[in-house]
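The block underneath contains the structure these notes are about, expressed in C-alpha cells.
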C-alpha cells in the first residue's frame, strides 16, 4: 500500500488549476490554525470543489518548542516533566515511555508495587482522556451537554491524581527507578468509589449520545480508513484498532503488570468514524476492568529504587521503548554516548503525528462538515504533534 | 522468531546489511545506496513483512561529518520490531 502525501507547494502548482474555461473552479480554504475543531493550533488547507473536499494538507508546527533538542541538555530526571507537555492527556504514559527507555539503558530495576501503581495511574488516565474526548466529540457534533458531562467525569479522576501527585494535568510522576510519591492513603478507596461511579456513567453516555440519530448519521460510514492504509500511515491506538488491526502494546510489549490482568483489545469492523467512537467507549470499560483487578492487590514495597542524588549512567548504545497511550504508541528513541547522563540525541515517536496524517487519506470525497466528524474521531492533541 | 533469527534472515536477504552492536532491539546497518532496495525486501519478504514504519529520525555525528538515518520498522503480520539505521 502506497500513500502519497503532497506538500503545500506542490498542491498550489498551476497544473492543479482547471484547464477548461467552463470547468468548476476549485478553491482553497484554511481550516485553522485557530479553529474549534483543531483542538489547538493546527492548520489544515482544504482543496474544495463546492462543498466536496478534494484534498487536505495538514500544516503542523504552530506550537513547535524544540522539546527534543532541549532534552539533549537535560538529565533523564529533568526530561520527565517535558513529556507531560506533549500529549498532556496522557502525561503518565508519556512519563512512562521516557522512564522505560532510561531504565532499559541504565539497567535500573523496578518492583511489583511500582509497576502496579504505574499501570493503575495510566489506566485511570486513559479513562479520563477518553471521557474528555467523548465530551469534546459531542460538542464538535453539536451536543453541548456531552461536553459538560465529559468534564464532570474528568474532574472526579483529576481529584484522585491531585491527592497523590499534587498535579491535575502535568503530572511529572513516573520517574526512572519508581514513582515520585507513594499513593495517598485514600487512593484505594477513592479509586474504588470512582470506578463504581464510572460504570453506569459510561452506559449513560451511550444513552445520551451514542444512540443519537444525528451522531449516528454523522459518523457511520464516514471517513473509512482501511487497515492497509492505517498501517501504511503508521496509525496506532484507537484509530488503528478501529480499522480492525488488534495492535495494542499493553498485550504485545512486556511492561507494567498488564500480563497479570484480563482485558480485551477492542477492534472495529469498518474503520469509520463510528468505529473510532465506539472503540474508545469500549476501551473505557476495559480500563475499568483493569483497574478493578489491580486496586485490591497493590503489593507492598518501596516506590523508588534509586537515590535521587545519584547520576543515572547509561552505557553507549541506542535504546527504544514505547507504551500504549490513550492515543496510540508513544515511543522514546535514545542514543547514549556513555560519557554523560544526558542523551545524544532523544527522539519521541508521537501517536498524534501519524494519526494526523490519516486525514489525508480519510477526507477526500467527503463534505466540509464531515471533516469535523473525521478530525474529532482522530482525537488529536496538537502539542504532541509539534513537540 | 527471536532476535538472532530475525537478524540472520535480514542479513541473508540484504547483502549490504550488517548487525548493529550496542542496541537494545534487533538492529542492522545498511549503506545509504541500498536504502530503497533494502526497504522493499524488508517489506516484501514473507518471513519479515515489515509493513509499518513506526518512526524515523536522524543522528548527527559531526565528528565523522555524517548523518545516520534511523528507521524503526514493525511487522503487523509477525509482531517483530527492527531498528534499521543506515
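Protein chains in written order, with my numbering: chain A, 14 to 400; chain B, 167 to 252. We put the CB at the ideal spot given by N, CA and C, even for glycine.
Quick one: using the 10 Å Cβ neighbour count with 16 as the cut-off for buried, is residue i buried or exposed?
i	result
residue 168/A	exposed
residue 220/A	exposed
residue 122/A	exposed
residue 230/B	exposed
residue 143/A	buried
residue 157/A	exposed
residue 178/B	exposed
residue 203/B	exposed
I need the straight-line Cα distance from residue i to residue j, nearest angstrom please.
i	j	result
residue 252/B	residue 85/A	Low per-residue confidence applies at residue 252/B: pLDDT is 43, beneath 50, and the placement is therefore not dependable, though the value from the model is reported in the following sentence. Going from the Cα of residue 252/B to the Cα of residue 85/A covers about 22 angstroms.
residue 407/A	residue 210/B	Chain A is shown from 14 up to 400; residue 407/A falls before or after that span and cannot be answered.
residue 184/B	residue 230/A	53 angstroms
residue 381/A	residue 66/A	6 angstroms
residue 378/A	residue 323/A	58 angstroms
residue 168/B	residue 215/B	15 angstroms
residue 312/A	residue 208/A	20 angstroms
residue 172/A	residue 198/A	14 angstroms
residue 94/A	residue 399/A	17 angstroms
residue 336/A	residue 267/A	10 angstroms
residue 201/B	residue 237/B	10 angstroms
residue 343/A	residue 227/A	33 angstroms
residue 346/A	residue 106/A	15 angstroms
residue 248/A	residue 285/A	14 angstroms
residue 351/A	residue 43/A	47 angstroms
residue 365/A	residue 397/A	6 angstroms
residue 69/A	residue 164/A	31 angstroms
Residues of chain A with CB closer than 7 angstroms to the CB of residue i, please, in chain order.
i	result
residue 184/B	Ordered by position in chain A, no residue passes the 7 angstroms Cβ test against residue 184/B, which lies about 15 angstroms from the chain.
residue 219/B	247
residue 225/B	348 and 358
Just checking: is the beta-carbon of residue i within a distance shorter than 7 angstroms of some beta-carbon in chain A?
i	result
residue 208/B	no
residue 190/B	yes
residue 202/B	no
residue 252/B	Summary for residue 252/B: the model assigns pLDDT 43, below 50, so the residue's position carries little reliability, and this model does not support an answer.
Is there at least one Cβ from chain B nearer than 7 angstroms to residue i's Cβ?
i	result
residue 329/A	yes
residue 346/A	yes
residue 332/A	yes
residue 254/A	no
residue 263/A	no
residue 117/A	yes
Using a cut-off of 7 angstroms between C-beta atoms, extract the partners of residue i located in chain B.
i	result
residue 244/A	217, 218 and 242
residue 95/A	Result: empty, since nearest Cβ-Cβ is about 17 angstroms, beyond 7 angstroms.
Please list, in chain order, the chain B residues whose beta carbon lies closer than 8 angstroms to that of residue i.
i	result
residue 129/A	Ordered by position in chain B, no residue passes the 8 angstroms Cβ test against residue 129/A, which lies about 24 angstroms from the chain.
Please list the partners that residue i has in chain A, where partner means a Cβ-to-Cβ separation under 9 angstroms.
i	result
residue 196/B	Those do not exist, as residue 196/B stays about 15 angstroms from chain A at its closest Cβ, beyond 9 angstroms.
Quick one: list the residues of chain A neighbouring residue i, beta-carbon separation under 8 angstroms, in chain order.
i	result
residue 238/B	333, 344, 346 and 362
Find the residues of chain B that neighbour residue i, judging by a C-beta separation of less than 9 angstroms, and give them in chain order.
i	result
residue 258/A	242
List in chain order: all unbroken beta strand (DSSP E) runs of 3+ residues lying wholly within the region 179–231 of chain B. Qualifying beta strand (DSSP E) stretches, in chain order: 218–227.
Which runs of the alpha helix (DSSP H), 4 residues or longer, sit entirely within the region 224–289 of chain A? Correct list: 226–232, 240–245, 251–255 and 262–265.
Output the residue ranges of the alpha helix (DSSP H) runs that lie fully inside the region 111–197 of chain A and measure 4 residues or longer, sorted by chain position. Counting whole runs of 4 or more residues, the region 111–197 of chain A contains the alpha helix (DSSP H) stretches 125–153 and 157–178.
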